[in-house]
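Numbering (the working numbering), first residue to last: 309 to 535.
Below is one structure, written out as structure tokens; comments come after it.
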DNA sequence: ACCCAGGTGGCCC
DNA sequence: GGGCCACATGGG
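Set out below in structure tokens:
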């Protein structure tokens with residue numbers, strides 16, 4: 309199946325996902341860091357706590373907040389000592405250089421991307437999430453779901469992040485709205501299927517259903533695939 | 001009592 | 001480039 313076909317299939321079965329769930333650009337930045345290796349529900353919780361203390365409004369206030377306060381807010385997302393420190397440092401960087409974030413996103417894409425990647429705790433996926441969902445830049449976000457689905461549904465393997473990104477960016481119209489929707493749909497597919505059930509019925513993309521490590525193990529011999 | 005979650009950085013070969 | 005580890009809470 310081609311990526312384009314996969315996109316069409318997912319869009320018609322799941323409908324638009326309206327990502328990224330955030331009220332401001334800065335909330336996207338915060339959420340992108342907090343969402344690492346964590347269920348989104350925990351991120352919502354953490355952002356709600358930050359907002360309650362008015363710490364999610366702008367980089368300055370977050371940068372000025374006591375580390376322990378940030379920790380207590382983000383504890384529910386795991387890796388909370390790391391994440392609190394990285395949030396504070398990232399906030400300090402923007403507060404110092406681009407207080408409103410607007411000037412940052414006016415920069416050329418490549419320059420903005422490199423700058424994000426230089427921040428502690430911001431790797432390729434986090435950087436691209438910020439560029440795409442906060443900045444409206446046409447970059448495709450590659451996450452674990454996307455890789456597994458590419459492996460199994462498209463039977464395509466990539467050597468690294470960049471190769472996967474370029475491939476997906478070329479697979480559909482180069483448009484931030486389309487990229488964002490496609491990525492959100494891939495995550496939705498991953499979330500709905502196969503987390504608890506090795507084989508799911510009614511999946512719009514059957515081959516994508518065996519994508520977790522556990523399910524691959526179950527499917528590849530040891531366990532008889534049940535139905 | 002496991003396994004997994006919308007990763008990243010450090011270190012090794 | 002690839003493999004392994006630490007980071008840590010919350011839900012299935």
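Note that CB positions come from ideal geometry on N, CA and C, so glycine has one too.
For the alpha helix (DSSP H) holding residue i, just list the boundary residues, first then last.
i: residue 458; result: 452–461
i: residue 313; result: 311–322
i: residue 410; result: 410–414
i: residue 360; result: 348–360
i: residue 488; result: 484–500
i: residue 436; result: 432–437
i: residue 465; result: Here residue 465 belongs to no alpha helix (DSSP H), and DSSP marks it neither H nor E.
i: residue 424; result: 417–425
Below 8 Å on the Cβ atoms is my guess for residue i versus residue j; work out the distance and round it to an integer in Å.
i: residue 363; j: residue 381; result: 7 Å
i: residue 488; j: residue 440; result: 6 Å
i: residue 493; j: residue 322; result: 6 Å
i: residue 413; j: residue 420; result: 7 Å
Report the residue from the options whose alpha carbon sits nearest the alpha carbon of residue i.
i: residue 454; options: 473, 407, 439; result: 473
i: residue 368; options: 494, 351, 390, 396; result: 396
i: residue 386; options: 398, 318, 434, 342; result: 342
i: residue 443; options: 336, 353, 464; result: 336
i: residue 491; options: 325, 374, 309, 320; result: 325
i: residue 470; options: 482, 310, 389, 450; result: 450
i: residue 314; options: 429, 484, 476; result: 476
i: residue 480; options: 351, 405, 447, 353; result: 447
i: residue 330; options: 400, 464, 438; result: 438
For residue i, count the other beta carbons within 10 Å of its own beta carbon; 16 or more makes it buried, fewer makes it exposed. Which is it?
i: residue 345; result: exposed
i: residue 461; result: buried
i: residue 332; result: exposed
i: residue 391; result: buried
i: residue 407; result: exposed
i: residue 416; result: exposed
i: residue 456; result: buried
i: residue 434; result: buried
i: residue 374; result: exposed
i: residue 389; result: exposed
i: residue 425; result: exposed
i: residue 310; result: exposed
Indicate the three-state DSSP secondary structure (helix, strand or coil) for residue i in the structure shown.
i: residue 329; result: coil
i: residue 389; result: helix
i: residue 479; result: helix
i: residue 398; result: helix
i: residue 446; result: coil
i: residue 374; result: coil
i: residue 383; result: helix
i: residue 366; result: coil
i: residue 406; result: coil
Let me check you understand the geometry: is the CB of residue i closer than 7 Å to at least one non-hydrogen atom of the ligand MN?
i: residue 390; result: The ligand MN is not among the ligands present in this structure, which contains no ligands whatsoever.
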